[in-house]
């Protein structure tokens with residue numbers, strides 16, 4: 004009975020658990036700091052468990068629909084509502100479940116890492132509460148089937164993220180970075196809200212499935228599409244709207260930066276959900292596909308070339324995050340560009356999309372790992388300046404090993420996970436347009452060059468006198484990095500398992516607009 | 006069994022397990038060659054010191070290559086590119102907003118024309 008009730012309410016629990024955890028954290032923190040930390044980790048573990056169960060449910064039974072406030076969760080359209088699903092509905096398909104799983108796992112790694120990395124900071128009650136709220140925002144964005152609800156979770160995501168960016172007051176610079184992030188997020192959020200209003204004004208509904216089923220692609224729909232696309236691409240850090248990322252990513256505590264990467268990916272998910280599910284074949288898919296591809300190529304190239312001359316290790320990594328987002332945009336953009344041509348979609352479009360989606364989870368793992376290693380360096384040396392660092396390989400061997408794993412993965416070196424997803428992108432994109440694939444490969448080479456520089460600057464060389472006393476970071480930080488490293492390796496060694504289990508269903512869910520609509524409206 | 010681990014990429018495939026086996030074999034061969042090397046060389050003599058044309062070897066910390074010295078040639082060769090790209094990253098919020106709005110206006114035009 005209890006088990007059945009639990010399984011029936013997994014989508015609600017996925018949000019309720021971290022939300023309860025967030026609001027209770029400051030209260031528990033009043034009693035004991037240790038209890039608060041254990042509570043936060045326990046909540047994140049429980050959230051991950053719910054995400055795993057929900058993903059298993061989605062993969063075994065198909066899209067899970069959950070109607071809040073209804074007599075039964077699957078009662079999406081009440082008898083007296085005129086055929087409109089008036090309640091808030093979560094629609095968790097394979098793509099949403101995939102994103103929720105990735106976010107929960109990174110969240111757990113970050114939480115364990117924070118145990119030690121945040122231990123010397125003040126304001127930990129707020130830190131852990133906001134961290135859990137950020138997780139709530141991400142999970143809500145990827146699970147909801149309601150446009151307004153999506154906006155609400157986007158705002159939770161943005162507010163918690165901005166507060167966390169500013170949480171380490173560093174001569175006011177962190178506050179400035181948080182303010183920039185907040186202003187741009189608010190502007191983006193306003194445009195998303197305005198776009199939703201346009202859609203609501205035309206179709207009288209907020210549910211994604213209902214709007215998708217009625218979509219006519221009128222001029223107003225086109226305006227709404229542009230606002231949604233550009234605002235969410237900006238939140239994802241696409242060039243040339245990426246300027247906030249090096250500021251915010253470098254000034255946030257490293258644990259938070261790792262989760263901010265996932266928060267940006269939730270916005271990327273929003274882009275994909277809007278173009279594939281909300282608009283689908285009604286839009287000019289070739290034009291929008293090419294817009295996404297161009298944003299992707301710009302992000303890849305500008306991101307990596309801006310990373311190379313950076314002296315601040317976190318700014319450098321932030322530019323690489325921009326660059327890697329480009330791969331995802333490129334892969335999925337190619338899939339969208341050929342969406343209306345079944346033959347091309349089957350030949351390379353689906354593989355390109357799978358490569359782009361696979362890169363999302365791979366990037367979440369290795370980029371999260373790299374930011375955590377940067378945090379470990381800062382934790383022990385107090386600097387992020389590559390010109391001041393050196394010789395730490397003598398004293399921080401575990402951190403160095405984790406850094407090597409992350410660096411090789413992001414550079415697309417086999418057998419790590421970045422190689423698998425990049426290979427899928429290269430080969431499929433080459434069939435679409437060889438020049439794009441060549442650019443993607445050149446960017447990978449530059450990425451490797453950049454991380455060789457970072458590796459040399461931080462770890463190689465003789466032990467420097469100023470870091471003579473430096474020792475390895477505490478165990479919780481090592482465990483957090485080890486968790487992500489393990490997945491980077493496993494996903495790299497068994498890529499087809501991951502693709503079969505998570506990626507192919509996710510790409511299929513994005514393409515199958517009819518299936519999404521039918522899951523909510525019952526084929527109506 | 007290996008097929009289960011082979012990533013199908015549409016037009017090709019990638020087998021990480023085979024790659025790891027080949028890597029391990031190459032590593033073992035390299036290790037074997039290394040083990041065949043001279044083990045009893047005099048460690049604490051001039052034999053292990055670098056020869057710098059008769060100059061005294063500086064302290065190790067003094068010759069550590071810092072990040073700022075790396076890829077100077079690359080950035081110098083790309084000076085024309087960087088001189089345009091780097092100044093765009095002003096750090097000023099107003100500029101960030103302008104870029105955002107500018108991109109949105111451009112995409113409006115593209116989508117409008119295409120439709």
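Residue numbers (our numbering), protein chains in the order written: chain Y, 4 to 527; chain U, 6 to 120.
Even glycine gets a Cβ: it sits at the ideal position worked out from N, Cα and C.
Quick caveat: nothing in here was measured; it's all calculated off a predicted structure.
Contact fails between the segment 212 to 219 of chain Y and the segment 155 to 169 of chain Y, because fewer than three Cβ pairs, one in each stretch, are under 8 Å apart. If only uninterrupted alpha helix (DSSP H) runs of at least 4 residues are considered, those enclosed by the segment 143 to 202 of chain Y are 150 to 168. Taken in chain order, the complete alpha helix (DSSP H) segments of 4 or more residues contained in the segment 378 to 417 of chain Y are 400 to 413. Taking C-beta atoms as the reference points, residue 70 of chain Y and residue 95 of chain Y fail to come closer than 8 Å. For residue 498 of chain Y against residue 423 of chain Y, the beta-carbon gap comes to about 4 Å, under 8 Å, which counts as contact. When 7 Å is used as the limit between beta carbons, residue 173 of chain Y is near no residue of chain U, the shortest such separation being about 15 Å. A distance below 8 Å separates the beta carbons of residue 516 of chain Y and residue 283 of chain Y. A contact is defined here as three or more CB-CB pairs under 8 Å, and the segment 364 to 377 of chain Y meets this definition with respect to the segment 254 to 264 of chain Y. When C-beta distances to chain U are compared with 7 Å, the residues of the segment 399 to 423 of chain Y below that value are 417, 418, 423, in chain order. C-alpha of residue 94 of chain U to C-alpha of residue 112 of chain U: approximately 22 Å in a straight line. Shown here, residue 16 of chain U sits in coil according to DSSP, grouped into three states, outside any helix or strand.
By the Cβ-count criterion, residue 287 of chain Y is buried, with 16 or more other Cβ atoms from all chains shown falling within 10 Å of its own Cβ. Going by beta carbons, residue 184 of chain Y and residue 234 of chain Y fall outside the 8 Å limit. By the C-beta criterion, the segment 441 to 455 of chain Y is judged not to be in contact with the segment 52 to 68 of chain U, since fewer than 3 inter-stretch pairs fall below 8 Å.
When CB distances to chain U are screened at a threshold of 9 Å, the residues of the segment 340 to 353 of chain Y falling below it are 350, 351, 353, in chain order. Taking 8 Å as the CB threshold, residue 78 of chain U stays off the interface with chain Y. Under the DSSP assignment, residue 95 of chain Y falls in the beta strand (DSSP E) whose first and last residues are 92 to 95. Collapsing the DSSP output to three states places residue 277 of chain Y in a helix. One Cα belongs to residue 444 of chain Y, the other to residue 431 of chain Y, and the distance between them is close to 13 Å. Counting of Cβ neighbours within 10 angstroms places residue 390 of chain Y among the exposed residues, the total staying below 16. If the five residues before and after residue 229 of chain Y are omitted, its C-beta is found closer than 7 Å to no C-beta atom of its own chain. Between the alpha carbons of residue 502 of chain Y and residue 425 of chain Y lies a gap of roughly 13 Å. Counting only residues of its own chain and dropping the five nearest sequence neighbours on each side, residue 384 of chain Y has a CB closer than 7 Å to the CB of 392, 470, 473.
Contact with chain Y is absent for residue 32 of chain U, since none of that chain's Cβ atoms lies less than 8 Å from the residue's Cβ. Taken through DSSP and simplified to helix, strand or coil, residue 315 of chain Y comes out as strand. For the segment 301 to 324 of chain Y, residues whose beta-carbon sits nearer than 8 Å to a beta-carbon of chain U comprise 305, 308, 309, 311, 312, 314. Take residue 386 of chain Y, set aside five residues on each side of it, and the residues of its chain with a beta-carbon closer than 7 Å to its own are 392, in chain order. Taking 4 residues as the minimum length, the alpha helix (DSSP H) runs contained wholly in the segment 196 to 258 of chain Y are 211 to 217, 222 to 239, 247 to 254, in order along the chain. When rounded, the separation of the alpha-carbon atoms in residue 107 of chain Y and residue 198 of chain Y is 29 Å. Sorting Y:54, Y:211, Y:23 by C-alpha distance to the C-alpha of residue 42 of chain Y places Y:23 at the top. Beyond the five residues adjoining it in sequence on each side, residue 412 of chain Y comes within less than 6 Å, by CB distance, of 369, 419, 420, 421, 491 in the same chain, given in chain order. Counting C-beta pairs closer than 8 Å gives fewer than three between the segment 304 to 316 of chain Y and the segment 347 to 354 of chain Y, which falls short of the contact rule. For residue 113 of chain Y, the secondary structure class from DSSP, reduced to helix, strand or coil, is helix. Here residue 63 of chain Y is exposed: its Cβ has fewer than 16 other Cβ atoms, across all protein chains shown, within 10 Å. Counting only runs that start and end inside the segment 471 to 521 of chain Y, the alpha helix (DSSP H) elements of at least 4 residues fall at 478 to 496, 498 to 501, 507 to 514. Proximity to residue 102 of chain Y across Y:462, Y:35, Y:268 peaks at Y:268, based on C-alpha coordinates.
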